[in-house]
Structure formats: C-alpha cells, structure tokens
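First up is the structure itself, then whatever we jot down about it.
Residue numbers (this note's numbering): 144 to 467.
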C-alpha cells in the first residue's frame, strides 16, 4: 500500500475510536483517547468533549510514510508502542487523575492487551487493593467480516480458498468475489492478512469483545458466533450528537488528517437528491491501470454526476489518459 493508503486506514480506526470515546463521555464515563504522536500533531479536533493523549509508533515526524513497508511499521509499533503505552498507564496512575481501570484497544493491535495484563496492579493510592486493568478489544468492522476472518484464523476456512461457495454460520452462502479482497486474494495483501488475523491471537484473554454493529442488523451471525467468540454490539460508532439528545452539538467526526474540501461540499449541495454516484475502494485496494481506465470510462459514459475518491499519486495520470 502507498503512504496515503496506510494513513487513511489508520485514520478510519482513529475516528471510530474517537466517536466511541465521545459517546462514553456523554454517559459520564471519564475516558482518554490514546493515538500516535503524528496523528495528534497533524490533525485537528472539532469536539471539546474528548480528552486525547499520545503513544509513539516510532514515526512521530512522518507517520506511516516514514516506514519502509507495512511490516517495518508494525515492527516499530510493537516495540515502541508497547513501551510508550506502558509509560502512559504509569503516568495516569501516578498523577492526580483517576487511573485507568479499562483499556479499550483496536483489535488489530493485540500487543496492547499484553501491556494491559502486565499492569495487573495499577499505581493507585492504596497498593493493598488489587485493581486489575480490564482489556476490551474493539472490532471496528461489522460482525460478518469479523466472523469470516475468525474462521480463516481458526483454520476452518483455509487460504487460498478453492471452493466455489463459502459457508459461514449465520451468513448466506458467499462466492469468493463476495469476500473481503484480502481474504479472496491473500497473496495480494500478505501484510494486511497477517495484521488482520492477529486480531484473534489473544482474544480469549480479553475481558470484553466490542464490535461496531447493531445486534438487530447482524443477529444471525452474532448468534452463530456467540459460542466461539461472543461479542458485545456497541455500534454505530458515529458522533454522539446523532445518538443522544444530551449531545446534540457534538456532530463532528472528530479527527481530520486532511483538509476538508469545501468546494466539493458546495458542489454536492447544488446537485439534486440521489443524483451523485459515490465511488471509493477504501485505503487497502490498489487498482491496476486497466481497471482504473475501465472504471473511469464507465463513469464518464454513465452521464451521471459522480464523486470518485482516488489517491493524489493517481490523479494526474488518470486525468491525462481518461478524463480529458
């Protein structure tokens, strides 16, 4: 993945964690969002309800762009992130602030749980009392995606997939092309496959498993997973202003790594309802040149308004070859 892709992937998770923390705050729960030094230095928050602190991933000045590869980034994150997270816990435990009693961490970072369990006796006023830190693993993707990944991790759905149809309990039969791209074509995204499967390396040690969904939307798959990997539904992780009358003003999506383009917003406002096609393949997929050309010509020939999200590095070449 390119620099923009890796940064965007982390940004999405940070926003979801931000919105979760904002919702907790409106319920009177004292919480702190811990994200990387680079993210904090290069973003601005539109909310005043979220308390933010930092850990380091080893790339405080450059972010993901300073890593030689995804593997290089993850290695630095594990080594330096574990150390600085430990220091964060100690700092809050020894200060006048109330010490942490639970760490909610992105499930893609199982190293966090190891640090949490290491601090079984947090630094509190009365060391006689044993206040073991609780660890809650937060799965930002829907339950169906988590179930598919869990079955791959457990060897119940071995890669590469050779069958025409895939059967996952609680999920309708799926074709290979219906699966997440990193599962359908694991050789194309080896580092992402490894990182995603790592979510389950120590979930049995977590006190809670939280998933970004609504029970009624994915009832069958959640029920099917209940005996293997039970999850608590806490979705949707959107600004608390949309979920509570007590936080009507908190309707901003928190952290912004990139400047918002007001011209695009104004352009959208001028268009009739249901008239704009939105196209985005996320931050992981890398389309080939021919795929980009075909998609560009398809959008152009559709005679519809469209908003297509592409990387900065792709814009000039695409405009020259396809959209002129």
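C-beta atoms are modelled at their ideal positions from N, C-alpha and C, and glycine is treated no differently.
Proximal residues to residue i (C-beta, below 8 Å), its chain only, five neighbours per side dropped
i	result
residue 445	420
residue 243	175, 232, 235, 236, 265, 276
residue 329	302, 303, 336
residue 375	351, 352, 353, 354
residue 217	334, 338
Same chain, Cβ closer than 6 Å to residue i, five either side skipped, listed in chain order
i	result
residue 285	356
residue 309	317
residue 452	423
residue 262	Any reading at residue 262 needs caution, since the residue's pLDDT is 47, under 50, leaving its predicted position unreliable; the model's value is listed next. Taken in chain order, the residues that qualify are 232, 276.
residue 377	353
residue 332	325
residue 319	304, 327
residue 367	312, 313
Closest Cα partner of residue i within the set the options
i	options	result
residue 200	223, 210, 185	223
residue 293	371, 184, 198	371
residue 422	298, 297, 448, 247	448
residue 202	338, 230, 219	219
residue 181	194, 167, 198	198
residue 283	162, 450, 430, 457	162
residue 339	311, 313, 290, 360	290
residue 364	311, 346, 249	311
residue 287	415, 359, 432	359
Beta-ladder partner(s) of residue i, from DSSP
i	result
residue 181	Answer is none; residue 181 lacks a bridge partner.
residue 209	DSSP output for residue 209 lists no bridge partner at all.
residue 410	DSSP output for residue 410 lists no bridge partner at all.
residue 280	248, 352
residue 421	450
residue 196	177
residue 375	353
residue 318	308
Buried/exposed call for residue i, threshold 16 Cβ in 10 Å
i	result
residue 342	buried
residue 441	exposed
residue 430	exposed
residue 168	buried
residue 433	exposed
residue 159	buried
residue 269	Its pLDDT being 26, under 50, residue 269 is placed unreliably by the model, and the measurement read from it follows with that caveat. Answer is exposed; the Cβ neighbour count stays below 16.
Cβ-based neighbour list, residue i, same chain, cut-off 7 Å, excluding 5 preceding and 5 following
i	result
residue 245	276, 277, 279
residue 349	256, 278, 279, 280
- Evaluate contact between the stretch 372 to 385 and the stretch 405 to 423, counting only Cβ atoms and requiring at least three cross-stretch pairs below 8 Å. no
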